[in-house]
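Enquirer: Protein chains in written order, with the UniProt record's numbering: chain R, 1 to 245; chain H, 1 to 245. So that we are looking at the same thing, I have put the structure below in structure tokens.
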């Protein structure tokens, strides 16, 4: 019997673990997820696995993923491991490296940068302790970075003639961009509405719609397994819900 | 004839391209590097390759790397591509995923987080325009994050019994951690001196010394190809050169 896929992540928000769930759900692949446990239990599972076991080094932060004796961390790394196994890493020679580059770029630009909008000074401090800096960063981000990132993804989709980032081949990079755009829609609805109405990023919003409509993804998104945005990467603060000047 | 390895990056600072150089130098592998061109020419090469060519999508930012028809971006991705080819990705089954996880963690924690110490609000603004926030972030980073990261790497080295992150097998993750520690030594010399004197992170500083002493690395570091820190990721601002309280 093949070893099971085990996502070890805390519950309560989609978080970075969400990218792993989406590839497994798209592929219709069975997996276990500690996020389904009571919060304390899921946190305990995360802490234990980070200590390093079975010939694997300790890791710094979740998500972590176990497959048989292998334990790995880092979102993009877990996707890289699963992508080829689930047929979601492209069909051309070396496509895995193109897909990984695109996934890393989305995670940098539309996930990490967005997280830092509410925690620009330190993750160890509460939002309320860096509210002023957060507001300043959010305004700058919406003004300069959001159009830069959306424009980049529009350019990729235009260059490969879509509908997906690699052209006709659907890959896990499409799922990553979907989840990132979905999170930014939650965190900055006014700016995203403005971006949508501008007509400059139609291919990006079409990709988001098209991923959402894929049968396995649609079923997942309407299930209880899909968690709500709250205190994680993507947060809604009315005072930061700004539009570009 | 095998296709050459081509690093396409701008000159003037080590930057993220430095991680690519270090693996190629360690392996004694020939490569070309646009950083050796006059600055305008290197910037032009970077801009051109980012547009997407030869069946490769456009990319967001350098470093980019060309090998034959393949063009890829993202530091960790280029390392992942080169690592196994250069014998620097471990010897066990699936070690590449362990090495990639470690490399990504070092790049997140000791490179991206450090960069954001001088640009916490926006990369589009000058340091002088976010000096106050930068100072606040630097103090917090030195107090909370630096010990957390150094402590993590010490734990990894302790768990695998060293001298390298994977134990006896030298991998590109060791080179990444070397370069990151080296950069932090430049940016925060007082805090790093304090960290060293504490004796809590002896394995980490030993790894830095041991990598620096490897023959190919030592030769490279004393060559003209090794560029000086200046305006890049690792910057020295006396006002931010603080120690933990």
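Glycine included, each C-beta is placed from N, C-alpha and C at the ideal position. Note that this is a predicted model, so its numbers are computed, not measured.
(1) Okay, do the stretch 3-19 of chain R and the stretch 55-74 of chain R touch, 3+ Cβ pairs below 8 Å being the bar?
(2) Between the C-alpha atoms of residue 187 of chain H and residue 150 of chain H, what's the straight-line distance to the nearest angstrom?
(3) Who are the Cβ neighbours of residue 181 of chain H in its own chain at under 6 Å, not counting the five residues just before and after it?
(4) Roughly how many angstroms lie between the CA atoms of residue 246 of chain H and residue 121 of chain R, to the nearest whole one?
(5) Looking at the secondary structure, which residues open and close the alpha helix (DSSP H) in which residue 172 of chain H lies?
(6) Starting from residue 5 of chain R, trace the beta strand (DSSP E) both ways and give me its first and last residue.
(7) Starting from residue 67 of chain H, trace the beta strand (DSSP E) both ways and give me its first and last residue.
(8) Between which two residues does the beta strand (DSSP E) containing residue 71 of chain R stretch?
(9) What separation, rounded to the nearest whole angstrom, lies between the Cα atoms of residue 171 of chain R and residue 99 of chain H?
(10) Is there at least one Cβ from chain R nearer than 7 Å to residue 152 of chain H's Cβ?
(11) With a threshold of 16 other CB atoms inside 10 Å of the CB of residue 16 of chain R, please say whether the residue is buried or exposed.
(12) For residue 164 of chain H, list the residues DSSP reports as bridge partners.
(13) If we count Cβ pairs, one from each stretch, closer than 8 Å, do we get three or more for the stretch 34-44 of chain H versus the stretch 72-87 of chain H?
(14) Can you list, in chain order, the residues of its chain with a C-beta nearer than 8 Å to that of residue 190 of chain R? Leave out the 5 residues immediately preceding and following it.
(15) Tell me the rounded alpha-carbon separation between residue 128 of chain H and residue 118 of chain H.
(16) Please report the straight-line C-alpha distance between residue 152 of chain H and residue 200 of chain H, rounded to a whole angstrom.
(17) Got a sec: which bits of the stretch 34-63 of chain R sit with their beta carbon under 9 Å from any beta carbon on chain H, in order along the chain?
(18) For residue 162 of chain H, I'd like the list of residues in its chain whose CB is within less than 8 Å of its CB, leaving aside the five on either flank, ordered along the chain.
(19) Quick check: is the beta carbon of residue 120 of chain H nearer than 7 Å to any beta carbon in chain R?
(20) Starting from the C-beta of residue 218 of chain R, find all residues in its chain whose C-beta is less than 8 Å away, skip the five residues before and the five after it, and write them out in chain order.
(21) Tell me whether residue 39 of chain R is buried or exposed, calling it buried when 16 or more other Cβ atoms sit within 10 Å of its Cβ.
(22) Looking at C-beta atoms only, is the number of pairs between the stretch 219-233 of chain H and the stretch 12-29 of chain H that lie closer than 8 Å three or more?
(23) Starting from residue 94 of chain H, find everything on chain R with Cβ-Cβ shorter than 7 Å and list it in chain order.
(24) Show which residues of chain H have a CB atom less than 8 Å away from the CB atom of residue 227 of chain R.
(25) Going along chain R, which residues have a C-beta under 8 Å from residue 160 of chain H?
(26) Between the C-alpha atoms of residue 43 of chain R and residue 73 of chain R, what's the straight-line distance to the nearest angstrom?
(27) With DSSP as the reference, identify every bridge partner of residue 32 of chain R, one or two as the case may be.
(28) Got a sec: is the Cβ-Cβ distance from residue 91 of chain H to anything in chain R below 7 Å?
(29) How about residue 7 of chain H: is its C-beta nearer than 7 Å to some C-beta of chain R?
(30) With a cut-off of 7 Å, does the C-beta of residue 203 of chain R fall near any C-beta of chain H?
(31) For residue 85 of chain H and residue 28 of chain H, what's the separation of their Cα atoms in angstroms?
(32) Do residue 13 of chain H and residue 106 of chain H have their C-beta atoms within less than 7 Å of each other?
(33) Does residue 243 of chain H get closer than 7 Å to chain R when you measure Cβ to Cβ?
(34) Rounded to a whole number of angstroms, what is the C-alpha to C-alpha distance between residue 196 of chain R and residue 137 of chain H?
(35) Is any beta-carbon of chain R found at less than 7 Å from that of residue 97 of chain H?
(36) At a Cβ threshold of 7 Å, is residue 155 of chain R touching chain H?
Expert: Once the coordinates are examined:
(1) Yes, the stretch 3-19 of chain R touches the stretch 55-74 of chain R.
(2) Reading the second chain from its first residue, position 187 is the one you call residue 187 of chain H. Reading the second chain from its first residue, position 150 is the one you call residue 150 of chain H. A straight-line Cα-Cα distance of about 15 Å links residue 187 of chain H and residue 150 of chain H.
(3) Indexing the second chain from 1 puts residue 181 of chain H at position 181. Taken in chain order, the residues that qualify are 208.
(4) Nothing in the structure corresponds to residue 246 of chain H, since chain H is present only between 1 and 245.
(5) Counting from one through the second chain, the residue named residue 172 of chain H turns up at place 172. Membership of residue 172 of chain H in the alpha helix (DSSP H) is indicated by the continuous run 172-187.
(6) On the first chain, residue 5 of chain R is found 5 positions in, with the first residue counted as 1. Unbroken beta strand (DSSP E) run through residue 5 of chain R: 5-8.
(7) Residue 67 of chain H sits at position 67 when you count from the first residue of the second chain. Per DSSP, residue 67 of chain H belongs to the beta strand (DSSP E) from 64-67.
(8) If you number the first chain from 1, residue 71 of chain R lands on position 71. 70-73 is the span of the beta strand (DSSP E), which, as asked, contains residue 71 of chain R.
(9) Numbered from its first residue, the first chain carries residue 171 of chain R at position 171. Numbered from its first residue, the second chain carries residue 99 of chain H at position 99. So the alpha carbons of these two residues sit roughly 23 Å apart.
(10) In the second chain, residue 152 of chain H corresponds to position 152, counting from 1. So yes, residue 152 of chain H belongs to the interface.
(11) Taking the first chain and counting its residues from 1, the one referred to as residue 16 of chain R is at position 16. It counts as buried.
(12) In the second chain, counting from the first residue as 1, residue 164 of chain H sits at position 164. When beta bridges are read from the DSSP output, residue 164 of chain H appears opposite H/167.
(13) Judged by Cβ distances under 8 Å, the stretch 34-44 of chain H makes no contact with the stretch 72-87 of chain H, as fewer than three pairs qualify.
(14) To locate residue 190 of chain R, count along the first chain from 1; it is residue 190. These residues qualify, in order along the chain: 241, 242 and 243.
(15) Residue 128 of chain H sits at position 128 when you count from the first residue of the second chain. Residue 118 of chain H sits at position 118 when you count from the first residue of the second chain. Going from the Cα of residue 128 of chain H to the Cα of residue 118 of chain H covers about 9 Å.
(16) Numbered from 1 along the second chain, position 152 holds the residue referred to as residue 152 of chain H. Numbered from 1 along the second chain, position 200 holds the residue referred to as residue 200 of chain H. Using only the alpha carbons, I get a separation of about 11 Å.
(17) Here the close residues are 51, 52, 55, 56, 57, 58, 59, 60 and 61.
(18) Along the second chain, read from residue 1 onward, the residue named residue 162 of chain H stands at position 162. For residue 162 of chain H, where only same-chain residues beyond five positions count, the Cβ hits under 8 Å are 203, 206 and 207.
(19) In the second chain, the residue the question calls residue 120 of chain H occupies position 120. At least one chain R Cβ lies under 7 Å of residue 120 of chain H.
(20) Reading the first chain from its first residue, position 218 is the one you call residue 218 of chain R. Result list for residue 218 of chain R: 212, in chain order.
(21) In the first chain, residue 39 of chain R corresponds to position 39, counting from 1. Burial check for residue 39 of chain R: the Cβ neighbour count within 10 Å stays below 16, so the residue is exposed.
(22) Touching, yes, given that three or more Cβ pairs across the two stretches are closer than 8 Å.
(23) In the second chain, the residue the question calls residue 94 of chain H occupies position 94. Neighbours of residue 94 of chain H on chain R, chain order: 70.
(24) As a position in the first chain, residue 227 of chain R is number 227, starting the count at 1. Think of a sphere of 8 Å around the beta carbon of residue 227 of chain R: no beta carbon from chain H falls inside it, the nearest being about 23 Å out.
(25) Within the second chain, residue 160 of chain H is the residue found at index 160, counting from 1. Within 8 Å Cβ-Cβ: 57.
(26) Stepping through the first chain from its first residue, residue 43 of chain R is reached at position 43. Stepping through the first chain from its first residue, residue 73 of chain R is reached at position 73. Each residue's Cα considered, the two are about 15 Å apart.
(27) Looking up residue 32 of chain R in the first chain gives position 32. According to the DSSP secondary-structure assignment, residue 32 of chain R is paired through a beta bridge with R/6.
(28) One-based indexing of the second chain puts residue 91 of chain H at position 91. False, the Cβ-Cβ gap to chain R never drops below 7 Å.
(29) Residue 7 of chain H sits at position 7 when you count from the first residue of the second chain. It does not: the Cβ of residue 7 of chain H has no partner Cβ on chain R nearer than 7 Å.
(30) Reading the first chain from its first residue, position 203 is the one you call residue 203 of chain R. Answer no: the Cβ-Cβ gap between residue 203 of chain R and chain H never drops below 7 Å.
(31) For the purposes of this step, residue 85 of chain H is taken as the residue at position 85 of the second chain. For the purposes of this step, residue 28 of chain H is taken as the residue at position 28 of the second chain. So the two alpha carbons sit approximately 12 Å from each other.
(32) Residue numbering aside, residue 13 of chain H sits at position 13 when the second chain is read from its first letter. Residue numbering aside, residue 106 of chain H sits at position 106 when the second chain is read from its first letter. No.
(33) For the purposes of this step, residue 243 of chain H is taken as residue 243 along the second chain, with counting starting at 1. By this cut-off, residue 243 of chain H is not an interface position.
(34) If you number the first chain from 1, residue 196 of chain R lands on position 196. If you number the second chain from 1, residue 137 of chain H lands on position 137. The straight-line gap from Cα to Cα measures roughly 34 Å.
(35) Start at 1 with the first residue of the second chain, and residue 97 of chain H comes out as number 97. Chain R contact via Cβ: present.
(36) In the first chain, residue 155 of chain R corresponds to position 155, counting from 1. Answer yes: the Cβ-Cβ gap between residue 155 of chain R and chain H drops below 7 Å somewhere.
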